[in-house]
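**Q** Would you mind keeping the following structure in view while I ask a few things?
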Amino acid sequence: MCRFCYNNGKIEITPLNTTLLSCAANFMEMSNSISGSDNLIEQTEKSLEEIRHWTWSELMVALRQCQNYFPVANKSGLLERCLDSITARLALASEPSPSPSTSSSDYSGVRFSCDTKSTESLKSSFSRATWWFEDLLITDESLLKMMVGSMIKQKLEHGTISKFLFFYQKSKFHTSVSHEKSKIMETVVDLLCSLEPSSIPCKSLFGILRVALGLNISKGFRNKLEIMIGSQMDQATLDNLLVPSPQGTNSLYDTNLVLRLVKAFLKEGTSGVPEVQLKKWLT
């Protein structure tokens, strides 16, 4: 900022410093021109107009900077632009390759923005739907909510989003203390509720249920998780249902949990189950 102020409003702006400069400019309301040059807000805006051509590594730097300066980045709309650019690129990368005959200028322009990703970031795994999972572990819970919202808006496959959320929960737990784990779990459960139920594996839901039962998560979020599982009880196995009872109870397994799941199934999950299969399951 000193360089900008003492150099007649001139400064080199690159994808690596655009976010920082934009946050500073908006926070300090630097909307006045200096010596006939564009003000700093205008200069960073010109750089942001090229965000679709930034490399994946540059977008990750911008995302981290937005998180560090969340209030101003969110208020100025910078964070939303960064998230939309990232998730649009993920949506494009998940699409099947076009036929060789595809040559429209619209597709070529979008393809160019995707092809500018650095080789190192892609790790030679463009064809894998999960190549970006580790990169987005930099997000905290607040930013994760916005990220998933942007993914849904960009029509990223819900099955891929659910896999990412399970990966996020498991990975974050390695370096988190108890109260942090509860917050992470509640965030993940809340976001899973926003996805298509059929996109969430029943086995994975039972997996986080077992983890959640050992945490101090609120009853409301535990109920949400049980309702999600209950809606898919026709897919559950006996091993899934053998959840140990809470300490201080006489039974070996948590039969009350099973009853709650069955009630949730009868209320939420029976509409899409064939009658013959339903009778077989209930008997």
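Everything in the sequence shown is counted per UniProt numbering, starting at 1 for the first residue and increasing by one. Virtual Cβ for every residue (Gly too), placed ideally from N, Cα, C.
(1) In whole angstroms, what is the alpha-carbon distance linking V189 and K224?
(2) So, helix, strand or coil for L92, using DSSP?
(3) Of the residues L242, L213, S194, which one's Cα is nearest the Cα of M228?
(4) Please report the straight-line C-alpha distance between K153 and T249, rounded to a whole angstrom.
(5) Can you find a C-beta in chain C that's less than 8 Å from the C-beta of L205?
(6) Please tell me whether G230 and E268 are closer than 8 Å, where the distance is taken between their beta carbons.
(7) Could you work out which residue in R210, S171, L156, L136 is closest to L92 when comparing CA atoms only?
(8) Tell me whether T18 counts as near the ligand MN, meaning its Cβ is closer than 7 Å to at least one heavy atom of that ligand.
(9) Mind listing, in chain order, the continuous alpha helix (DSSP H) runs of no fewer than 4 residues lying wholly within the UniProt domain "NPH3" (130-283)?
(10) Let me know if L209 comes out buried or exposed under the rule of 16 or more other beta-carbons within 10 Å of its beta-carbon.
(11) Buried or exposed: where does Y168 fall if 16 or more other Cβ atoms within 10 Å of its Cβ makes it buried?
(12) To the nearest angstrom, how far is the alpha carbon of S245 from that of N256?
(13) Please give me, in chain order, every unbroken run of the beta strand (DSSP E) with length at least 3 that falls completely inside the stretch 30-80.
(14) Give the single residue among R89, Q247, V211 whose Cα lies nearest to the Cα of S182.
(15) For the candidate residues S171, Q67, T187, L90, whose alpha-carbon lies nearest to that of L79?
(16) Is it right to say Y253 is buried, meaning 16 or more other beta carbons lie within 10 angstroms of its own, or is it exposed?
(17) By DSSP, does I86 sit in helix, in strand, or in coil?
**A** Checking against the coordinates, here is how it stands:
(1) Cα atoms of V189 and K224: separation of roughly 7 Å, rounded to the nearest angstrom.
(2) Helix at L92.
(3) Of L242, L213, S194, the residue nearest in Cα terms is S194.
(4) In a straight line, the C-alpha of K153 is about 45 Å away from that of T249.
(5) The question asks about chain C, but that chain is absent: this structure has only one protein chain.
(6) Result yes, Cβ atoms of G230 and E268 sit closer than 8 Å.
(7) It is L156.
(8) Among the components modelled here there is no ligand, and therefore nothing to report on the ligand MN.
(9) List check, alpha helix (DSSP H) in window: 141-153, 158-173, 178-192, 202-212, 219-230, 238-241, 255-264, 275-282.
(10) With 16 or more other Cβ atoms within 10 Å, it is buried.
(11) It is buried - the Cβ of Y168 has at least 16 other Cβ atoms within 10 Å.
(12) Going by the C-alpha atoms only, they are around 9 Å apart.
(13) Listed in chain order, there is nothing to give.
(14) Selection R89, Q247, V211 evaluated against S182 yields V211 as nearest (Cα-Cα).
(15) Checked all of S171, Q67, T187, L90; the closest Cα to L79 is Q67.
(16) Y253 should be labelled exposed.
(17) Residue state for I86 is assigned as helix, using DSSP reduced to three classes.
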